[in-house]
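Notes follow the structure.
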Amino acid sequence: MSAEPHRCEDGTCITCGDVALPLRVVSLDGERGLALCEDGAGRRETVEIALVAPVAPGEELLVHAGTAIAKPRPGEPA
Amino acid sequence: MKYVEEFRDPALGRALSAQILSLVEPGRHYKLMEVCGGHTHTIYKYGIDDLLPENVELVHGPGCPVCVIPMGRVDDGIAIAEREGVIFACFGDMMRVPGSRGTLLEAKAAGADVRVVYSPLDALRLAKANPERDVVFFAIGFETTAPSTALTLKRARAEGVENFLCMCSHVTIVPPLRALLDSPGFELDGFVGPGHVATIVGLRPFEFVPAEYGRPFVASGFEPLDVLQSIEMILRQLAAGRAAVENQYTRVVPYEGNPAALRAMEEVFEPRPEFEWRGMGTIPESALRIAEEYAELDAERRYPAPGERVADPRECQCGEVLKGAIKPWECRVFGTSCTPEHAIGACMVSPEGACAAYYNFGRLARRGEPV
Chain A
1 MSAEPHRCED
11 GTCITCGDVA
21 LPLRVVSLDG
31 ERGLALCEDG
41 AGRRETVEIA
51 LVAPVAPGEE
61 LLVHAGTAIA
71 KPRPGEPA
Chain B
79 MKYVEEFRDP
89 ALGRALSAQI
99 LSLVEPGRHY
109 KLMEVCGGHT
119 HTIYKYGIDD
129 LLPENVELVH
139 GPGCPVCVIP
149 MGRVDDGIAI
159 AEREGVIFAC
169 FGDMMRVPGS
179 RGTLLEAKAA
189 GADVRVVYSP
199 LDALRLAKAN
209 PERDVVFFAI
219 GFETTAPSTA
229 LTLKRARAEG
239 VENFLCMCSH
249 VTIVPPLRAL
259 LDSPGFELDG
269 FVGPGHVATI
279 VGLRPFEFVP
289 AEYGRPFVAS
299 GFEPLDVLQS
309 IEMILRQLAA
319 GRAAVENQYT
329 RVVPYEGNPA
339 ALRAMEEVFE
349 PRPEFEWRGM
359 GTIPESALRI
369 AEEYAELDAE
379 RRYPAPGERV
389 ADPRECQCGE
399 VLKGAIKPWE
409 CRVFGTSCTP
419 EHAIGACMVS
429 PEGACAAYYN
439 FGRLARRGEP
449 V
């Protein structure tokens, strides 16, 4: 596993900023309700999936503070 | 990356900017508030206000979670962190928010075991790795973050982790918005609404904004085009003389919010009768505490803290900045004695704080003056 991602980089705490990141599900720990997810750069982290369950590998999740808060739906930018 | 690059497209940005220009009436001044600190950060990072007509003014709201935590609450956190045997875990920006006796970072330097975590799950992991010590998680944030804390407390109980405790300082967005709208002399034409809070609570809780106060409210995403489009949607409502709740962030925000998150919050938390907000005073039922049912996980029950109300520093004008009454550069200590390295007020600490956003992105001069 690569270094844990999305910590407080560049002096910015993304959790404090209400930022949520799109991450892709790599694998699931169904028993504990957790998913291993990664971002576009391949950085991985364990994510709580109770709010968006069920999820499947390959799905994209919007993650805030280690918890997936939504599954983004396709949308037009403008 | 999907959902990111397409929302930073410069051609679409220019088209939206032209659209906005066509919607504003010359001679009319428009004052819009972005509620969330994440939006403030986007606006200054991408220079969105430079794409707006001169008569469209953006003011910054109270939606930066660390900025609204009062000094007394930081003091309480430090008091718990200094206890023998405690590991105190908090999010990064919270480390540098000043209390009356310094910051958590300074408490750490003086010997307290304070650790930065990125999520409540990280704090739970710390507790499992240190079974002989109590790990106290300083939970802050709006409804975006509160479900994460609620789920982690449920997990701690389910997994039998007895040394994980939470000092709950979660706040809710509707009461401060109402307090702002009710404050004398408060003038505003519409809200760029907090998209991630709305992901959890849905849009219904914001219906009071148009219904009772006649102002448009548009739930917005966080990419630059999201924010520009939300401004366009508000101006379109104003041009048509209407006010409604609208959803710009449709790819994420459902009207009903996230029912599982709302259930978890309801199970684990209960409203505090009142909570003190930095610079805004005490607002009834504007924060959450741990419900009786989860009392054994409540750090405040195990470690009674001083709980003293501490006045903000006299020279600090964070309160007026948080209410959108003044711009950060109008504060008497902005950029002189108050900087991100040595913050006097919390708005200068978090990059989502309005003062830090101005300072970090070089917008030090008054509008119209050379920067």
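So the sequence lines, in the order shown, correspond to chains A and B.
Under my numbering, the first residue of the first sequence is numbered 1, with each subsequent residue one higher.
Under my numbering, the first residue of the second sequence is numbered 79, with each subsequent residue one higher.
Idealized CB from N, CA, C, for every residue including glycine.
Chain C residues whose Cβ lies nearer than 9 Å to that of residue i
i         : result
Pro198(B) : Absent from the structure is chain C; the protein chains it does hold are A and B.
Beta carbon of residue i nearer than 8 Å to that of residue j
i         : j         : result
Val213(B) : Ala201(B) : yes
Leu303(B) : Leu136(B) : no
Gly273(B) : Phe300(B) : yes
Pro382(B) : Gly66(A)  : no
Ala205(B) : Cys246(B) : no
Val451(B) : Ser364(B) : Because chain B is modelled from 79 through 449, residue 451(B) falls outside the range shown and cannot be assessed.
Ile165(B) : Arg211(B) : yes
Gly357(B) : Glu398(B) : yes
Leu51(A)  : Ala257(B) : no
Gly155(B) : Leu130(B) : no
Neighbour flag for residue i against chain B, beta carbons, 8 Å
i        : result
Val56(A) : The sequence shown places Ala at residue 56(A), not Val. Not closer than 8 Å to any Cβ of chain B, the Cβ of Ala56(A) fails to qualify, so no.
Ala70(A) : yes
Leu36(A) : no
Arg73(A) : yes
Val26(A) : no
Val19(A) : yes
Leu51(A) : yes
Ala3(A)  : Residue placement at Ala3(A) cannot be trusted, given a pLDDT of 36 that sits under 50; the coordinates are not used to answer.
Leu62(A) : yes
Beta-carbon proximity list for residue i, same chain, < 7 Å, skipping 5 on both sides
i         : result
Ala20(A)  : Leu62, Val63, His64 and Ile69
Ala321(B) : Pro288, Gly292, Arg293, Pro294 and Gln315
Below-8 Å beta-carbon distance, residue i vs any chain A residue
i         : result
Val330(B) : yes
Ile156(B) : no
Val274(B) : Before going further, note that residue 274(B) is His rather than Val in the sequence given. Yes, contact with chain A.
Asn325(B) : no
Ala207(B) : no
Gly116(B) : yes
Ala338(B) : yes
Thr181(B) : no
Thr417(B) : no
Ile278(B) : yes
Own chain, CB closer than 8 Å to residue i, minus 5 neighbours either side, in chain order
i        : result
Ser27(A) : Ala35, Leu36 and Pro57
Gln97(B) : Glu310
Cβ-based neighbour list, residue i, same chain, cut-off 6 Å, excluding 5 preceding and 5 following
i         : result
Glu266(B) : Residue identity differs from the one stated: residue 266(B) is Leu in this sequence, not Glu. Answer for Leu266(B): Lys109 and Met111, listed in chain order.
Cys142(B) : Gly115, Ser428, Glu430 and Gly431
Val25(A)  : Ala35, Cys37, Val55, Pro57 and Glu59
Arg352(B) : Note that residue 352(B) is Glu in the sequence shown, not Arg. Answer for Glu352(B): Thr360 and Pro362, listed in chain order.
For this session: Check distances from the C-beta atoms of the segment 222-235 of chain B to those of chain A and list, in chain order, the residues that come in under 9 Å.
Result: Thr222, Thr223, Pro225, Ser226, Thr227, Leu229, Thr230, Lys232 and Arg233
Exercise. Touching or not, the segment 277-295 of chain B and the segment 385-401 of chain B, by the rule of three or more beta carbon pairs under 8 Å?
Worked result: no
Problem set entry | Contact set between the segment 289-318 of chain B and chain A, restricted to residues whose Cβ is under 9 Å from the partner | Gly299, Phe300, Glu301, Leu303, Asp304, Leu306, Gln307 and Glu310
For this session: Determine contact between the segment 424-436 of chain B and the segment 172-179 of chain B, defined as no fewer than three beta-carbon pairs at a distance below 8 Å.
Result: yes
Exercise. Per the contact definition of three or more C-beta pairs closer than 8 Å, is the segment 285-301 of chain B in contact with the segment 339-349 of chain B?
Worked result: no
Exercise. Can you find at least 3 beta carbon pairs, one from the segment 321-328 of chain B and one from the segment 215-232 of chain B, that sit closer than 8 Å?
Worked result: no
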